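All residue numbers for the sequence shown refer to my numbering, where the first residue is 103 and numbers rise by one. All C-beta atoms, glycine included, are put in the ideal place defined by N, C-alpha and C. None of the values given here were measured: they were computed from a predicted structure.
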Amino acid sequence: MPAPILRLALPSPLRRLFDYRAPPGVPPALLQPGVRLRVPFGRRVVIGVLVELSGHSEVPADKLKAALELLDPRPALPASLLRLCRWTAHYYQHSLGDTFGWALPALLRQGEPAERREERWWHLAEGARPDDPRLARAPRQREALQVLAQHPHGVPQTLLGKLQLNKASLDLLLAKGLLHTEVRQHAPRERHGSWLLQAELPLNDEQREALEAVRAGFGGFNAFLLAGVTGSGKTEVYLQLIRQVLEAGRQALVLIPEINLGPQTLERFTRRFNARIALLHSGIGDRERLDAWLAARDGEADIVIGTRSALFTPLKHPGLIIIDEEHDASYKQQEGLRYHARDLAVVRARQEEIPILLGSATPSLESLHNAHTGRYALLQLRQRAGHARPPRFLRLDVKSRPLDAGISPPLQQAIARTLAAGQQVLVFLNRRGFAPTLLCHDCGWIAQCPRCDARMTLHQRQRELRCHHCGHVERQPTACPQCARVDLRPVGAGTERTEERLAILFPDYPVLRVDRDSTARKDALPRLLAIIHRGEPCLLVGTQMLAKGHHFPRVTLVAILDADGGLFSADFRASERMAQLIVQVAGRAGRAEEPGTVIIQSHLADHPLLVQLAEQGYLAFAGQALEERRAAGLPPFSHLALLRAEAHRPGQAEDFLEQAAAEAQHLLDALQLSGIELLGPVPAPMERRAGRYRAQLLLQAASRAPLRRLLGPWLAVLERLPGARTVRWSLDVDPVDLY
Numbered sequence: 103m104p105a106p107i108l109r110l111a112l113p114s115p116l117r118r119l120f121d122y123r124a125p126p127g128v129p130p131a132l133l134q135p136g137v138r139l140r141v142p143f144g145r146r147v148v149i150g151v152l153v154e155l156s157g158h159s160e161v162p163a164d165k166l167k168a169a170l171e172l173l174d175p176r177p178a179l180p181a182s183l184l185r186l187c188r189w190t191a192h193y194y195q196h197s198l199g200d201t202f203g204w205a206l207p208a209l210l211r212q213g214e215p216a217e218r219r220e221e222r223w224w225h226l227a228e229g230a231r232p233d234d235p236r237l238a239r240a241p242r243q244r245e246a247l248q249v250l251a252q253h254p255h256g257v258p259q260t261l262l263g264k265l266q267l268n269k270a271s272l273d274l275l276l277a278k279g280l281l282h283t284e285v286r287q288h289a290p291r292e293r294h295g296s297w298l299l300q301a302e303l304p305l306n307d308e309q310r311e312a313l314e315a316v317r318a319g320f321g322g323f324n325a326f327l328l329a330g331v332t333g334s335g336k337t338e339v340y341l342q343l344i345r346q347v348l349e350a351g352r353q354a355l356v357l358i359p360e361i362n363l364g365p366q367t368l369e370r371f372t373r374r375f376n377a378r379i380a381l382l383h384s385g386i387g388d389r390e391r392l393d394a395w396l397a398a399r400d401g402e403a404d405i406v407i408g409t410r411s412a413l414f415t416p417l418k419h420p421g422l423i424i425i426d427e428e429h430d431a432s433y434k435q436q437e438g439l440r441y442h443a444r445d446l447a448v449v450r451a452r453q454e455e456i457p458i459l460l461g462s463a464t465p466s467l468e469s470l471h472n473a474h475t476g477r478y479a480l481l482q483l484r485q486r487a488g489h490a491r492p493p494r495f496l497r498l499d500v501k502s503r504p505l506d507a508g509i510s511p512p513l514q515q516a517i518a519r520t521l522a523a524g525q526q527v528l529v530f531l532n533r534r535g536f537a538p539t540l541l542c543h544d545c546g547w548i549a550q551c552p553r554c555d556a557r558m559t560l561h562q563r564q565r566e567l568r569c570h571h572c573g574h575v576e577r578q579p580t581a582c583p584q585c586a587r588v589d590l591r592p593v594g595a596g597t598e599r600t601e602e603r604l605a606i607l608f609p610d611y612p613v614l615r616v617d618r619d620s621t622a623r624k625d626a627l628p629r630l631l632a633i634i635h636r637g638e639p640c641l642l643v644g645t646q647m648l649a650k651g652h653h654f655p656r657v658t659l660v661a662i663l664d665a666d667g668g669l670f671s672a673d674f675r676a677s678e679r680m681a682q683l684i685v686q687v688a689g690r691a692g693r694a695e696e697p698g699t700v701i702i703q704s705h706l707a708d709h710p711l712l713v714q715l716a717e718q719g720y721l722a723f724a725g726q727a728l729e730e731r732r733a734a735g736l737p738p739f740s741h742l743a744l745l746r747a748e749a750h751r752p753g754q755a756e757d758f759l760e761q762a763a764a765e766a767q768h769l770l771d772a773l774q775l776s777g778i779e780l781l782g783p784v785p786a787p788m789e790r791r792a793g794r795y796r797a798q799l800l801l802q803a804a805s806r807a808p809l810r811r812l813l814g815p816w817l818a819v820l821e822r823l824p825g826a827r828t829v830r831w832s833l834d835v836d837p838v839d840l841y
């Protein structure tokens, strides 16, 4: 019987599999889909994943290379994850090898063993005593020996610091024969006793109905949308569902939108559960990430919490997937494999036949549409948990009013009253830095980014101008580069300027700024949150980092300084995002006993969107927005794919996209596909970014099936076009940003 041909996915943008012979001496029984092999690829050696075995190859036998080494005695990727990655690559029209690269931890991509790490343990040698004469003049070594004598089973390397054991002293004791070491495989923490460490909170009727509805869906695939107003106790529903999943011997996967929500979510779960919890996000080290990934795969992690990439964490006993803040745009990957973790989580839940719960106070229009059409079951929490009441909305018209760093006099008075009452104030401005730009008062020069069609943001404390699009940084000029005058003025307000002005207006109260700049250090955000949770009167100034997931019981006033940004935009999703942001920020007010107030400053205070949000709530806005989308034929009532291209020279990207559009039209005719419209090519809304000229071609289809039939053969043609090698291009299926 001839040896099987190995068909491998390699880390390459090419959307195909590569054929190899098996490594010499490897038993065929070990060659199972999901194992990793080290293979020659051109002049490099790379790590590939075995996808399937074949009886023949189109590569001539004399040119078929042999794989160099089998890395796994059993598949590193379980069959369920292999299936999910294949579906993902096919749907998003991406290389399967590169898709595995997004799904696997970095150390597995580099060829590290798919095993738990080994750990060094230190033991007292037989007969070793602290009064050994060799230690008479070595007090530190004697103290170390005394500590180790209290641990007859040994001390792992990871605990040396906690026991204040000095590694140098241990090495000297080892050299004297008073200690010995052994290497053990890192053992998972054992779990004993009840699943609960903390009593569950009582549920109101709506929470109980939601819990029972999801529990009735256990044992198979069911999708639920939990639309609960801010502060309605969605997290308590999650926690009680997870307890039931754990009691059934299953695992839970919880996705959160932002890294900064990870520590507080982890803390809440560890307070509640006597469970093994793994946290997965880009902020943890490669070794820690691999250990968590392997623990989940082997059933040794009961709960997995993570950001979008944690979706690809294998689970030995999957029981439930929860997507918190399901509307959040950060679930969409914007580079490389442009997947949407929320949508892909639904696919995974269907494949693994488990329920999925999507939760949000401001559900996306796509999810609401799925609920209205019966794809998801809609569960609503209309009242806040406990005795908290919904905040009161006030629309403050600032036309013709003086603004001091964006703060109107009536708002200043409201802030002063709230602080005097011993409460906290949250001031929201979704704009980092000191000012959006720098202007010369004499000649009108404006600080523009030399690499983008965008203005530079002034960060005054660092005396820098920064582009928030490409990362370009310049020193703040002391004189105008155009006319050499020195009257340079910051225009507009960012969080730094608002923070500075509030500190002057309210000198007796601390002003805490929470944005990407102020929380760049690892421990900065927990330190700020600890100050806030002390409950003393203070002012919080921040961006959308403050808008979701935080519980600030002493915040009774939320001030939104500028609500006009999303009211007029070329992006059809702008009003939806603006409404979600306003409602999410407003939800930080009045979450405890004291009632909350939300003041929305606007030059368009009577705009229908603001009126509807303030008076009728988010779901009323969403219902009207869905009708407008239906009338315009926009998602979710149509389906999009966006072909982006960028090049160093003007016009080059458009030329490539013109060829792409012609090929698409040819395929539409040849395949007899209808209902697909080609829009463009046109320059991107920001045409020049990071020194490249950008353009795009939008495909809009009334239904998904013909679009999927077109994309595969179309991309195969595009890869062969001469212009494909002179531009950088990518396809985004179901784009959320048309920029």
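Item	Value
Looking at V613: is its Cβ nearer than 8 Å to the Cβ of L627?	no
Between the region 336-350 and the region 515-526, are three or more C-beta pairs nearer than 8 Å?	no
Using the beta-carbon count (16 or more within 10 Å), is V700 buried or exposed?	buried
Return helix, strand or coil for G295, following the three-state DSSP convention.	coil
In the DSSP assignment, what residue or residues form a beta bridge with R565?	According to DSSP, which records beta bridges pairwise, R565 is partnered with nothing at all.
I'd like to confirm the pairing. Which residues does DSSP put opposite V356 in its beta bridges?	I407, I424
Measuring alpha carbon to alpha carbon, tell me which residue in Q342, S197, P106 is nearest S832.	S197
Beta-carbon of V819 versus every beta-carbon of chain C: anything under 8 Å?	Protein chain content of the structure displayed is limited to a single chain, and chain C is not contained in it.
Of all the options R236, A412, D273, T332, which has the alpha carbon lying nearest to the alpha carbon of L183?	A412
So for Q130, helix, strand or coil by DSSP?	The displayed chain sequence assigns Pro, not Gln, to residue 130. Note: P130 maps to helix in three-state DSSP.
In whole angstroms, what is the alpha-carbon distance linking R123 and A131?	15 Å
CA-CA distance, D673 and D836?	14 Å
Using the C-alpha atoms, what's the distance from R591 back to I361?	35 Å
In three-state DSSP terms, what is V835?	strand
Do you know how far the Cα of L840 is from the Cα of R410?	21 Å
Ends of the alpha helix (DSSP H) at T201?	198-205
Our contact map puts L155 next to G213 with C-beta atoms below 8 Å; I'd like the distance itself, whole angstroms only.	Not a contact, Cβ separation roughly 22 Å.
Does the region 455-463 come within contact of the region 421-430, defined as at least 3 CB pairs closer than 8 Å?	yes
So Q802 and E779 are supposed to be a Cβ contact under 8 Å. How far apart are they, rounded?	5 Å
Looking at the secondary structure, which residues open and close the alpha helix (DSSP H) in which G814 lies?	806-820
Would you call the CB atoms of R378 and A350 closer than 8 Å?	no
With a threshold of 16 other CB atoms inside 10 Å of the CB of F375, please say whether the residue is buried or exposed.	buried
So G333 and R486 are in contact, right, with Cβ under 8 Å, and what is the actual spacing, rounded?	4 Å
Leaving out five residues on either side along the sequence, give the residues of the same chain with a beta carbon under 6 Å from the beta carbon of I702.	R497, I662, A665
In angstroms with no decimal places, state the Cα-to-Cα distance between D307 and P493.	21 Å
Taking the continuous alpha helix (DSSP H) assigned at D273, which residues delimit it?	269-277
What is the DSSP secondary structure of F758, counted as helix, strand or coil?	helix
Have a look at G524 and V331 and give me their C-alpha separation to the nearest angstrom.	26 Å
Could you check what DSSP says for A786 in three-state terms: helix, strand or coil?	strand
Answer yes or no: do R565 and M558 have a C-beta to C-beta separation smaller than 8 Å?	no
I believe R679 touches G668 by the beta-carbon criterion, under 8 Å. Please report the beta-carbon distance rounded to the nearest angstrom.	6 Å
Tell me whether I509 is buried or exposed, calling it buried when 16 or more other Cβ atoms sit within 10 Å of its Cβ.	buried
Using only alpha-carbon positions, find the residue among I107, R117, P655, A178 that is nearest to G637.	P655
In terms of residues, what are the limits of the beta strand (DSSP E) holding D499?	494-499
Within the continuous beta strand (DSSP E) that includes E154, where are the two ends?	146-156
What residue ranges within the region 665-724 form continuous alpha helix (DSSP H) runs of no fewer than 4 residues, ordered along the chain?	676-688, 710-718
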